[in-house]
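Numbering (the UniProt record's numbering), first residue to last: 1 to 558.
Ideal placement from N, C-alpha and C gives every residue a C-beta, glycine not left out.
Here is the structure we will look at.
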Amino acid sequence: MPNNLSPMLLVVACITILFLCFRAWHSSAPKPPQLSESIPFISNTIQYLTDAGRFIDRVTEKLASSRSNIVRFHVGLRPAYIVTGPKNVQTVLGSPELLDGNFLQLMLMDKHWGMTRAEIDKFARDKSGRGKTPVPGTAADVPDGDRYWLGHDRLYAEYLSSRRHADALAGSFQRLFAEQLDRRWQPTTTTTRGQWASVELSAVLREAMAESAVVSLFGSRVVELNPGLVARYWEFDHVAGRLAWGLPGFLQRRAVAARDRLHGMVRRHVDSAWACFDWDATPEDLAWEPHFGSRLSRETARWLRDKGFSNHAAAGHTLATLFGLNGNTVPITTWAMIELVRDPELLRAVREEIGTVCEVDPGTGARHIDAQRLVNLPLMQSLYVELLRTHVSFNVTRQATRPLAIEGYPIEKGALVQVCSRIEHYHKDVWGVEGHPASEFWAYRHVKYVDDVQVEGQGQEQGQVKGAKKAQFVMKGRPSSFLPFGGGYVMCPGRHFAKQEILLAIAVLVTKFDIEFIEWTGSNGLRSDTPPQDDQRYAGFVAMSPDRGVRVRWRRIY
């Protein structure tokens, strides 16, 4: 009998799906402009999941042609909306009671972390929010010990965002990155002072910068236990977005295999750290040690275990953190160096500004860059913001938990509502400057020159006089139009360290080496006549890497 029922059940399922599609398609409720597709519910879904760059381009074109601030489409049978405009963006970012931002992280816990259903449900059942005070009506249902979102966020607030721990991480990264470069290009070998060497700069950053960041955060044992870890990470990086939003695992077996290889490596590290680390003999406030690495990594491991999460889940958390650690910082630093080597005058100005925060130990001659002063330099801040504006493509995504209205249009419960950084970052009326349209990179877009007022004289003779013009950092656009790390109550917790890491990497490179452009290189390593563009495979999810490399020649300055 089961064999006889199977075809019947299949027919019933098909009829049900067709009915739901028909009802959704022909609903009489007012709808915003609809993104066209050749096969309803299928064409847009496939492009959304496999070619997000072109999909976002089509949405941008539809918004412009319809003169609307909202476009509707479907992801499968689920209605979805992309909105723009200050009021609509604020609605999406500032309405946690209507639009849930946690669902995406729950999805990543499954697709990236590899958590069990029971482990994911610990977070899913926590409706109390991320604030110190639980969401009204949830306190009785969620004891303090089960406030998983708040507990997880507190780890980053205390051990990554605080000045003491951020400075420790920045110092560790700066030292390790400089040592990586010294080992590869020692001034006593072929790159002695005055001698040039040719390097593929993109490859240098993908290796030296990524490993330095990993060791800073997770300790040296993770790379000692796992030769080739950085290479396996970049294999995962290529498919991370597709795994999160894309087709089922059985249709992308290579992507799943890349994730599983990396997960196995970090699981080996987690198991080793717990087996070898001596909690009793280690000072509580130790900034770094080789097994867990930073205080953030150590406290996160302890919190996950205390809350009943497995080592497999902890390894998944490490994998996700690796993606957050390198997925934005290395591509953005690569773009920074591309802009500097093709504009020698900009390189000179950046090197000169960095020189104001570069300190030399009179005893050893060792050089050190003051990270806190570096991240506040006007040109460096402008360069950083402009790089994120032009090269990060991130869709801030929320799920409607109840019906609401945007632009007067009803939004169904369960619908996806997105704000695209790639759309917001290119609004000409927000970011455009005369002679420098929003569509192009301009390092000085966020620098303002003001009178440098100085005090002269003493006592009653004291007065103010105007000196030379002084540069100040002033972001050109409004904060609600700048979304490289998300927005609202769900933002990248590592964004402050990311800024330090990117600017320190730039500073170390331009102070340690004279650098000159040679040529662009294709994926085969051969000369390319075309300058780099954003690699659209990363659109919608993370910073977009250059789609080709850059070969430079450099020589050691010190």
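Secondary structure of ASN326 (DSSP, three-state): helix. Note that the C-beta distance between ARG422 and SER382 is not below 8 Å. Using a Cβ distance threshold of 8 Å, PHE123 and TYR148 count as a contacting pair. In terms of CA proximity to LEU201, PRO331 leads the group PRO331, CYS492 and ALA287. Across the set GLU353, VAL83, GLU501 and GLY327, the C-alpha of GLY327 shows the shortest separation from the C-alpha of MET544. Secondary structure of SER528 (DSSP, three-state): strand. In this structure SER198 is exposed. Its beta-carbon is surrounded by fewer than 16 other beta-carbon atoms within 10 angstroms. At a cut-off of 4 residues, the continuous stretches assigned as alpha helix (DSSP H) that sit fully inside the segment 52-132 are 52-66, 86-93, 102-108 and 117-124. In this chain, the alpha helix (DSSP H) harbouring GLN381 covers 378-391. Counting along the chain, CYS492 sits inside no beta strand (DSSP E), nor does DSSP assign it H or E at all.
Put simply, the backbone Cα of MET109 is about 6 Å away from that of MET115. In the same chain as ASN44, and ignoring 5 residues on each side of it, the C-beta atoms closer than 8 Å to its own belong to LEU35, GLU37, PHE55, PHE73, HIS74 and VAL75, in chain order. Counting only runs of 4+ residues, the alpha helix (DSSP H) found wholly inside the segment 235-276 occupies 253-276, in chain order. A direct Cα-to-Cα measurement between ASP144 and PRO283 gives close to 27 Å.
By the neighbour-count definition (other C-beta atoms within 10 Å, threshold 16), GLN372 is an exposed residue. Three or more beta-carbon pairs separated by less than 8 Å are not found between the segment 534-541 and the segment 315-325, which leaves the two stretches without contact. Between PRO484 and VAL550, the beta carbon gap of about 22 Å keeps them out of contact (Cβ cut-off 8 Å). By DSSP's assignment, ILE369 forms a beta bridge with CYS358. For SER216, the enclosing alpha helix (DSSP H) starts and ends at 210-218. Residue range 43-50 is occupied by the alpha helix (DSSP H) that includes ILE46.
Annotation for GLN418: the continuous beta strand (DSSP E) segment containing it runs 416-420.
For ASP534, there is no enclosing beta strand (DSSP E), as DSSP gives it neither H nor E. HIS436 is bridged by DSSP to VAL433. Under a 10 Å Cβ-count criterion, CYS276 is classified as exposed, with fewer than 16 other Cβ atoms of the shown protein chains found around its own Cβ. About 14 Å separates the CB atoms of LEU340 and VAL204; that is not less than 8 Å, and the two are not in contact. Residue burial is scored here from C-beta neighbours: VAL490 has at least 16 other C-beta atoms within 10 angstroms and is therefore classed as buried.
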